[in-house]
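**Student:**
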Amino acid sequence: MANLQSDFVGIKSPNPFWLASAPPTDKEYNVRRAFEAGWGGVVWKTLGMEGPPVVNVNGPRYGAIWGADRRLLGLNNIELITDRPLEVNLREMKAVKRDYPDRAMIASIMVPCEEEAWKAILPHVEDTGADGIELNFGCPHGMAERGMGSAVGQVPEYIEMVTRWCKMYTRMPVIVKLTPNITNVLYPAEAAKRGGADAVSLINTINSITSVNLDSFAPEPMIDGKGTHGGYCGPAVKPIALNMVAEIARNPATADMPISGIGGVTTWRDAAEFLALGAGNVQVCTAVMTYGFKIVQEMISGLSEYMDSKGMTSVDQLVRKAVPNVTDWNQLNLNYVAKAKIDQDACISCGRCFAACEDTSHQAIAMSEDRTFTVIDEECVACNLCVNVCPVEDCISMVPMDAGATDPRTGKVVDPSYANWTTHPNNPSATAAE
Amino acid sequence: MADNEFTPGIKAGRLEHSAYAAQFSDLHPPLDDHEALVAADRCYFCHDAPCITACPTDIDIPLFIRQIATGTPDAAAKTILSQNIMGGMCARVCPTEQLCEQACVREMAEGKPVLIGQLQRYATDHLQQQGIHPFTRAGATGKTVAVVGAGPAGLSCAHRLAMLGHDVVVYDARPKPGGLNEFGIAAYKTPNGYAQEEVDWLLQIGGIRIETGKALGKGSGAGLTLDQLKADHDAVFVGVGLGGVNALGAMGEEKDGVSDAVDFISTLRQSTDLTALPIGRDVVVIGGGMTAIDAAVQAKLLGALNVTLVYRRGRDRMNASPFEQDLAASKGVRIVNHAVPVAVHGNGAVREIEFEYVDGTMKGTGEMLRLAADQVFKAIGQTLQGDGLPDLDGRKIAVTGAGRTSVEGVWAGGDCASGGDDLTVTAVAEGRDAAMDIHSALMG
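Keeping their order, the protein sequence lines are chains A and B.
The opening position of the first sequence corresponds to residue 1 in the numbering used here, with each subsequent residue numbered one higher.
The opening position of the second sequence corresponds to residue 1 in the numbering used here, with each subsequent residue numbered one higher.
#1: For a contact defined as C-beta to C-beta under 8 Å, what are the partners of Val392/A on chain B?
#2: Which residues bound the beta strand (DSSP E) around Ala320/B?
#3: For Ala21/B, count the other beta carbons within 10 Å of its own beta carbon; 16 or more makes it buried, fewer makes it exposed. Which is it?
#4: Pull the bridge partners of Ile109/A from the DSSP assignment, please.
#5: Phe183/B: buried (16+ other C-beta within 10 angstroms of its C-beta) or exposed?
#6: Are the beta-carbon atoms of Gly264/A and Ala241/A separated by less than 8 Å?
#7: Would the beta-carbon of Asn420/A fall within 8 Å of that of Leu332/A?
#8: With H, G and I counted as helix, E and B as strand and the rest as coil, what does DSSP make of Phe17/A?
#9: So what does DSSP say about Tyr44/B, is it helix, strand or coil?
#10: Compare the C-beta of Asp387/B against all C-beta atoms of chain A and say whether one is closer than 8 Å.
#11: Measuring CB to CB, does Met93/A end up less than 8 Å from Ala68/A?
#12: Is there a Cβ from chain B that is less than 8 Å from the Cβ of Asp345/A?
#13: Near Tyr188/B, what residues of its chain come up, given a Cβ to Cβ distance below 6 Å and the 5 sequence neighbours on each side ignored?
#14: Quick check on Ile348/A - is its C-beta less than 8 Å from some C-beta in chain B?
#15: Relative to the alpha-carbon of Asp263/B, which residue among Gly165/B, Val245/B, His166/B and Gly249/B has its alpha-carbon at the smallest distance?
#16: What's the C-alpha gap between Thr383/B and Thr365/B?
#17: In whole angstroms, give me the CA-to-CA distance for Asp200/B and Asp370/A.
#18: If I follow the unbroken beta strand (DSSP E) through Glu211/B, where does it start and stop?
#19: Residues of chain B with CB under 8 Å from Gly351/A, in chain order?
#20: Between Thr163/A and Ala276/A, what straight-line distance do the alpha-carbon atoms span, to the nearest angstrom?
#21: Does Val105/B have its Cβ less than 8 Å from a Cβ in chain A?
#22: Helix, strand or coil for His133/B, going by three-state DSSP, please let me know.
#23: Pick from Ile133/A, Gly147/A, Val125/A and Asp127/A: whose alpha carbon is nearest that of Glu114/A?
#24: Hey, quick one: how far does the beta strand (DSSP E) through Gln375/B stretch, first residue to last?
#25: Check distances from the C-beta atoms of the segment 25–43 of chain B to those of chain D and list, in chain order, the residues that come in under 7 Å.
#26: In whole angstroms, what separates the C-alpha of Lys363/B from that of Arg370/B?
#27: Nearest CA to the CA of Gly178/B: which residue from Val105/B, Thr424/B and Arg315/B?
#28: May I ask which residues mark the beginning and end of the beta strand (DSSP E) holding Ser259/B?
#29: Report yes or no: is there a C-beta of chain B within less than 8 Å of the C-beta of Ala366/A?
#30: Identify the continuous beta strand (DSSP E) that holds Gln283/A and give its terminal residues.
#31: With DSSP as the reference, label Val336/B as helix, strand or coil.
#32: Starting from Glu356/B, trace the beta strand (DSSP E) both ways and give me its first and last residue.
#33: Give me whichever residues DSSP pairs with Met398/A in a beta bridge.
#34: Got a sec? Which residues, its chain only, sit under 7 Å from Thr290/A by beta carbon, not counting five neighbours each side?
#35: Using DSSP with H/G/I as helix, E/B as strand and the rest coil, what is Val9/A?
#36: Between the segment 75–90 of chain A and the segment 107–127 of chain A, are three or more C-beta pairs nearer than 8 Å?
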């Protein structure tokens with residue numbers, strides 16, 4: 001069995017699965033249960049400054065979208081940072097860390113954008129024995145209205161400034177949590193790096209309205225007839241998170257900065273994808289809020305089995321494995337030609353590929369009287385839509401054409417060499433091929 | 001001591017009185033909201049879906065299932081009912097495992113089709129339980145049409161004609177409308193008076209008058225003739241079903257205790273107190289179709305100790321679907337194949353019935369089987385009855401196109417007409433299509 005031991009910016013944990021700063025990590029009771037279930041680490045629910053804690057709404061704070069059989073696909077929330085007194089959280093953190101010294105415990109922090117506020121809280125956190133801090137520059141609701149959370153995360157200069165304060169006033173590693181509610185994630189990531197961050201974690205939740213109540217004409221979740229945007233998370237946001245992680249991982253200015261991957265991690269496979277795209281570990285929230293802490297057992301066994309099958313003995317060997325293959329569109333090989341192929345033995349004749357191709361794509365699938373569906377190579381551009389809408393896994397595949405064969409669609413011979421848009425004759429700013 | 005399942009003879013009240021309701025409750029309890037959503041989510045929304053092709057009434061099944069999945073079951077019901085006005089009954093009695101659900105691509109993929117029949121019932125129940133009738137009549141055409149037979153074919157025809165603006169008179173020999181839905185289908189398939197409920201709901205369209213106690217033919221006292229109907233109306237639709245029953249041709253058939261399965265089913269369906277309905281201890285049903293199964297299963301449900309269904313050919317040749325055969329077996333009915341009745345024994349009343357085993361060519365083998373029997377039900381096919389009918393094709397009224405008969409101005413559909421399976425859903429389709437053809441003919 002592969003060793004899942006994780007070392008993230010010097011913070012050790014028995015596996016790379018941490019619980020993200022969120023309701024599951026709001027108090028000692030939950031965190032102890034999480035550790036008993038096998039979680040490698042937790043990022044404690046975000047702490048605020050000393051004094052009266054924030055208050056939450058007293059009505060629904062979550063909204064959701066569902067797939068078949070009410071499978072939860074996306075969750076949004078309007079919950080704020082911890083609404084328990086700072087000293088209570090600190091006391092509990094200390095107690096838990098004392099009892100679970102092998103697990104990672106990170107303190108998420110959000111205080112006003114003033115040097116004194118950060119300087120004041122850091123020693124208290126350090127005193128708990130926490131392994132590191134995560135700066136919550138991400139929450140898009142509530143706290144942002146008060147100039148914190150994503151209001152800071154959307155201004156690279158603030159990120160850099162606060163990160164620098166933290167590095168100045170604590171010896172603990174500093175992880176900067178990034179908001180996806182920006183135009184280009186590289187600006188905040190680079191700012192974190194300039195400020196001296198040890199790592200970034202992403203993504204925080206996405207501004208969202210999950211649904212509109214068509215009887216009361218208000219967004220959900222609704223509080224006394226009104227709703228507000230909340231932070232969206234869960235399986236639905238994973239593709240957005242993967243892209244942002246990959247962008248940071250392959251950007252020369254940030255490529256060497258460790259990343260804690262967050263966003264819709266639900267299974268070991270999701271985790272493995274984040275790791276391959278450059279995350280050093282992952283953080284999970286919605287999946288445990290849906291299924292409970294026990295899912296970590298599947299994540300551990302699944303990742304371990306996968307790594308064994310690939311001959312990998314440590315998590316490091318998987319991290320960044322896919323990063324070299326993430327590129328810009330203009331680097332894609334335009335000489336590569338594939339055609340869809342339908343496995344007639346696997347086909348159940350539902351005709352969805354036909355409807356999709358005929359109505360919305362290239363009219364490249366033929367349907368016979370007896371409902372046999374075949375690809376018309378003369379029309380097929382290998383767009384993959386048929387594969388995506390087919391309900392049978394592996395029934396339709398994209399088969400590359402051999403070099404030297406003639407593409408019946410274009411009449412051109414498939415060229416074995418690589419050529420991309422930068423050298424393409426149709427590109428007005430093409431440079432001549434060497 | 002009260003009678004029980006061991007008491008010989010034909011006796012009522014073999015079961016505890018409290019047991020009857022459960023015995024005859026819904027075969028497939030209705031889906032609740034969540035079950036319906038889960039079932040609907042399994043539909044792939046196939047292109048030019050095979051289930052539609054397999055449905056004799058061409059219901060747009062993927063569309064109505066999507067309408068259920070998106071929380072609009074009443075819209076789903078309208079999709080169903082616009083093609084099949086008796087979609088509620090068909091959802092209960094259609095052999096879906098041989099029609100839409102057999103064609104479902106998930107049947108091919110997993111052996112587990114989408115529950116089309118139960119979803120259809122979910123949608124139609126949802127609408128009908130609110131008392132909503134979603135169709136309205138077109139402007140009056142001033143034409144009148146006679147429909148003979150208030151079964152699925154006749155009512156379907158009448159509804160469509162009424163919708164198109166014609167006035168319709170429906171004649172039926174029985175004291176109430178519904179045909180086989182009311183008199184000929186096992187009780188557990190349509191419990192709680194659904195057949196009459198559906199008729200009442202259907203008639204909300206307006207423009208349809210029902211006249212019971214009227215049949216084609218001179219003998220009935222209230223006899224109708226095609227000539228008179230033609231004279232009184234602008235068109236005639238004949239949907240009289242198959243009123244006669246085939247005879248066994250076995251010695252001793254006239255003995256007490258030997259009767260037609262259709263009469264047993266009809267009596268059972270009209271019974272208001274099943275505890276008072278007598279049934280034999282040893283019941284033998286002869287036949288291999290749906291009527292035979294319905295009789296056998298209900299005999300068992302009434303408390304018969306031994307119920308044997310005997311059919312002259314193999315299981316694969318039985319008209320009852322494998323699902324129905326399995327249902328019978330699960331209720332404790334024994335099915336004997338390749339045996340034909342040769343004699344009914346007993347002094348006045350049947351005591352035993354004797355069969356000879358036959359080979360695949362129906363040739364006697366000389367091997368005999370005697371079954372104890374205090375009640376025998378014959379279910380070996382029904383025949384067309386009536387005088388002065390249009391030309392026949394074999395034993396049914398010959399039709400071409402959408403139910404046109406040899407007589408100008410007379411259409412026919414349902415079990416009495418040639419072509420198509422003898423199914424409720426087929427009758428509904430034929431009635432509807434004849435109505436459209438009548439409309440075209442009348443409106444030129």
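Think of the CB as a built atom: it goes at the ideal place given N, C-alpha and C, for glycine as much as any other residue.
**Tutor:** If we stick to the structure as given:
#1: Ala109
#2: Per DSSP, Ala320/B belongs to no beta strand (DSSP E) and is neither H nor E.
#3: With fewer than 16 Cβ atoms within 10 Å of its Cβ, Ala21/B is classed as exposed.
#4: Leu47/A and Leu135/A
#5: buried
#6: Contact: yes.
#7: yes
#8: Three-state DSSP puts Phe17/A in a strand.
#9: coil
#10: no
#11: Not a contact, by the Cβ cut-off of 8 Å.
#12: no
#13: Excluding sequence neighbours, Tyr188/B sits near Phe24 and Leu27.
#14: Judged by the 8 Å Cβ criterion, Ile348/A is in contact with chain B.
#15: Val245/B
#16: 29 Å
#17: 41 Å
#18: Where Glu211/B is concerned, the enclosing beta strand (DSSP E) stretches over Ile208 to Thr212.
#19: Those are Cys46, His47, Asp48 and Ala49, listed as they occur along chain B.
#20: 27 Å
#21: yes
#22: coil
#23: Gly147/A
#24: Run containing Gln375/B: Gln375 to Lys378, per the beta strand (DSSP E) assignment.
#25: In summary, chain D is missing from the structure at hand, where the protein chains are A and B.
#26: 18 Å
#27: Thr424/B
#28: Counting along the chain, the unbroken beta strand (DSSP E) around Ser259/B starts and ends at Val258 to Asp260.
#29: no
#30: Asn281 to Val284
#31: Val336/B: strand per DSSP, three-state reduction.
#32: Glu352 to Val358
#33: Ala340/A
#34: Leu72
#35: The three-state secondary structure of Val9/A, taken from DSSP, is coil.
#36: yes
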